[in-house]
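Student: Have a look at this one before I ask anything.
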Amino acid sequence: MNSPAESPLDFRLIAKTFLGHAPVWYKQLVVGFLAGNVGIYLMLGPVVTGWVILAEFIFTLALSLKCYPLQPGGLLALQAIFLGLTNTHAVFKEVEHGLPVLLLVIFMVAGVNFLRQAMFRAVNHVLLNIHSRIALNFTALVVVSIFSSFFDALTILAVLVAVITGFYEAYHRVVSTTGYHDGPDPLDHRVDEIHRQDLDTFRAFLRGLMMHGAIGTAIGGVCTLVGEPENIIVGTEMGWDFMHFLRHVSPATLPTLLAGFLTCLVVEKTRSFGYGADLPAGVRRILEDEDRKHLAKGTARDRLVIVIQAIVGLLMVSAIALHLAEIFLIGLGVIILVSAFSGEIEEHRIAHAFLPGLPFSALLIVFFVIVAVINQQAMFTPVIAWVMTLEPQGQIFAIFATNGILSSISDNVFVAAIYMAELRRAFEGGLTTQAMFDAQAVAVVMGTGIPSMATPNGQAAFLFLLTSPLALLIRLGYGRMIWMALPYTLVTTIVAGASMFWIL
């Protein structure tokens, strides 16, 4: 018979297992949130409770390195449903709206996993042959910005995460006692002491490279109709095709893009805001040695697999660029083609490729619950109503600013959708002119795309990076992402905001 201390209902055991290895103070805060929300709901009503739960959810994102936000954020989302702040039908409607993003994460992230060897070989060649840190980071920003103008930003960042994770793992295996088939030890318990300084500098270098890439998806994504999901919403409401969208937004996007490029050069040159770390010479030597060893021991089958991946990768890029199908279908096609022609048809190998994207997909659904609360409680309605009372010139800038603020704390696709619905209603009611409506639409595009990069939850691509395993490995937390994005946010927001006064 078990003693009381061994009982499964023992309070100390429950407290220990709740949220796993998260710090005790974090667990206590989450319990306090859940208990306090009930009191707030009873005393202050559902709208205030909705704002409090939104702030608490952002808190769980901010401390994602302490505890993956799916569990604490999920508990808050479930409580919001139980309190009646939203309902399962409203949540399902939000999931339907976000289904393309969910399917993209599930299938494209898995598809990218099947292309990792070829991508690693290609980027490894570039990384080891560009010795100038500034040139390397500037090239990364420009290339990612261009690609993000024509491909989905989340897809581009998923590729970056996969490739950079490969670099980190290649170095970490050499400097630690971790087995070849084991994942890197996030706490560095097995890292040799003589390599710790180089590892810390390598992490800083990779953080800078990843943040330049993440920023590139934002400043490039606003440029075209297909760059961001919210752009498609705006374009559909306005009846703009690709070229019409490009013509309307280019007076705002081109100066913003150039401002972002200039910011990259400044922060790398001044080594400010967490940028400016060089690739350590010791790390470069190890990566070069590993590269030579890999080439030397590569078999004919290994080379064939890389060729197959390269061919399928080119087909994937062409299919996305020509918009031949929804991106998740293209991702599924990549999985089928690579696995079929490279012989990797085992179920466990295919299942392993899906693992990186599934936790984030679940977190997105939790996020949709919070969006449903915002919608059900009309939390943003007073802000939009105030904006619509302003004079034309002030209204354009206010639309830009409020879209940025609201997108940085919620979902930019959701914000764009509710804003465009209100603007369409005003236009059809004869309250605005066609020129005014066009300018308002540009303000929505720029507002949801540029200021929203101030926080990781402002864009799906940023949130994906924050919650990826790579973020823990290179110590890229919520606060650090905000700090490293700050110069870009300030400069590009000022430039984009100034352009609002010239588009009407």
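Okay, so the sequence shown: first residue is 46 according to my numbering, each after it adds one.
All residues carry an ideal CB built from backbone N, CA and C; glycine is no exception.
Please check the pair Ala506 and Leu186, which I expect to be a contact at CB under 8 Å, by giving their CB distance rounded to whole angstroms.
Tutor: 14 Å between Cβ atoms; not a contact.
Student: What residues in its chain sit with their C-beta under 6 Å from that of Val92, if we drop five residues either side in the sequence?
Tutor: For Val92, where only same-chain residues beyond five positions count, the Cβ hits under 6 Å are Gln422.
Student: Pick out whichever of Gln162, Leu79, Leu324 has its Cα sitting closest to the Cα of Leu349.
Tutor: For the residues Gln162, Leu79, Leu324, the minimum Cα distance to Leu349 belongs to Gln162.
Student: Beta-carbon separation of Val208 and Phe413 under 7 Å?
Tutor: It is not a contact, given that the beta carbons lie outside the stated cut-off.
Student: Report yes or no: do three or more beta-carbon pairs, one from the stretch 307 to 321 and one from the stretch 526 to 544, lie closer than 8 Å?
Tutor: Counting Cβ pairs under 8 Å, three or more are found: they touch.
Student: Report yes if the C-beta distance between Gly266 and Gly272 is below 7 Å; otherwise report no.
Tutor: In contact: Gly266 and Gly272 (Cβ atoms closer than 7 Å).
Student: With distance defined between alpha-carbon atoms, name the residue in Pro68, Leu121, Ile495 nearest to Gly261.
Tutor: The shortest C-alpha separation from Gly261 is found at Ile495.
Student: For Ser194, which three-state DSSP category applies?
Tutor: The answer is helix: DSSP assigns Ser194 an H, G or I state.
Student: Label Val171 either buried or exposed according to how many other C-beta atoms from any shown protein chain fall within 10 Å of its C-beta, with 16 as the threshold for buried.
Tutor: The residue is exposed, with fewer than 16 neighbouring Cβ atoms inside 10 Å.
Student: Excluding the 5 residues preceding and the 5 following Leu435 in the sequence, name in chain order all residues of the same chain whose CB lies nearer than 8 Å to its CB.
Tutor: Correct list, in chain order: Ala443.
Student: Report the residue ranges of all beta strand (DSSP E) runs contained in full by the stretch 290 to 350; include only those spanning at least 3 residues, in chain order.
Tutor: Complete beta strand (DSSP E) runs here, min 3: none at all.
Student: Helix, strand or coil for His226, going by three-state DSSP, please let me know.
Tutor: Confidence in His226 is poor, its pLDDT being 43 and thus under 50, which makes the residue's placement too unreliable to answer from.
Student: So, for Phe78: in the same chain, excluding its five sequence neighbours on each side, which residues have a beta-carbon less than 6 Å away from its beta-carbon?
Tutor: Same-chain partners within the cutoff: Glu101.
Student: Give the range of the alpha helix (DSSP H) segment to which Leu99 is assigned.
Tutor: Taken as a continuous stretch (DSSP letters only), the alpha helix (DSSP H) holding Leu99 covers 91 to 107.
Student: How would you label His226, buried or exposed, when you count the other beta carbons within 10 angstroms and need 16 or more for buried?
Tutor: Low confidence applies here, because His226 scores a pLDDT of 43, under 50, leaving its location unreliable; read the following figure in that light. Exposed, by the Cβ-count rule.
Student: Give the C-beta separation of Thr477 and Asn448 to the nearest angstrom, bearing in mind that I take them to be a contact with Cβ-Cβ under 8 Å.
Tutor: Contact doesn't hold; Cβ gap of about 17 Å is too wide.
Student: Between Leu511 and Met491, which are expected to be in contact by the criterion C-beta below 8 Å, what is the C-beta distance as a whole number of angstroms?
Tutor: So it is not a contact: roughly 23 Å between Cβ atoms.
Student: Rank Phe306, Leu251, Phe287 by C-alpha distance to the C-alpha of Ile264 and give the top, closest one.
Tutor: It is Phe306.
Student: Contact check, Gly402 vs Val76 under 8 Å by CB: the rounded distance?
Tutor: Gly402 to Val76, Cβ: 30 Å. No contact.
Student: For the stretch 425 to 434 and the stretch 453 to 471, state whether three or more C-beta atom pairs, one from each stretch, are separated by less than 8 Å.
Tutor: Verdict: yes, contact present.
Student: Rounded to whole angstroms, what's the CA-CA distance from Leu291 to Cys268? Just pull it up for me.
Tutor: Cα-Cα distance, rounded: 7 Å.
Student: Look up Gln479 in the DSSP assignment and say whether it is helix, strand or coil.
Tutor: Residue state, collapsed to three classes: helix.
Student: With a threshold of 16 other CB atoms inside 10 Å of the CB of Leu251, please say whether the residue is buried or exposed.
Tutor: The residue in question, Leu251, is buried, as its Cβ has 16 or more Cβ neighbours within 10 Å.
Student: From Ala122 to Val411, what distance separates their C-alpha atoms?
Tutor: Rounded to whole angstroms, Ala122 to Val411 spans 6 Å at the Cα level.
Student: Rounded to a whole number of angstroms, what is the C-alpha to C-alpha distance between Gly388 and Asp347?
Tutor: Looking at the two C-alpha atoms, the distance is approximately 11 Å.
Student: Rounded to a whole number of angstroms, what is the C-alpha to C-alpha distance between Pro532 and Ser384?
Tutor: Each residue's alpha carbon lies about 43 Å from the other.
Student: Report the option in Asp243, Thr200, Leu205 whose CA atom is closest to the CA atom of Tyr216.
Tutor: The shortest C-alpha separation from Tyr216 is found at Asp243.
Student: Mapping the DSSP letters down to three states, classify Glu141 as helix, strand or coil.
Tutor: Helix at Glu141.
Student: Could you tell me which of Lys342, Ala341, Ile381 sits nearest to Val357, measuring between CA atoms?
Tutor: If we check each option's Cα against that of Val357, Ile381 comes out closest.
Student: Just the C-alpha distance for Gln504 and Thr200, rounded to the nearest angstrom, thanks.
Tutor: Looking at the two C-alpha atoms, the distance is approximately 13 Å.
Student: In terms of alpha-carbon separation, which member of Thr94, Thr105, Leu89 lies closest to Tyr71?
Tutor: Looking at the Cα atoms, Thr105 is the closest of the given residues.
Student: Identify the continuous alpha helix (DSSP H) that holds Phe472 and give its terminal residues.
Tutor: Element bounds for Phe472: 457 to 473.
Student: Would you mind working out which of Ser177, Leu160, Leu173, Met288 sits nearest Ser194, comparing C-alpha positions?
Tutor: Checking every option, the nearest Cα to that of Ser194 belongs to Met288.
Student: Pick helix, strand or coil for His393, following the three-state DSSP scheme.
Tutor: Residue state, collapsed to three classes: helix.
Student: Quick check on the DSSP output: the alpha helix (DSSP H) that includes Asp243 runs from which residue to which?
Tutor: Per DSSP, Asp243 belongs to the alpha helix (DSSP H) from 241 to 266.
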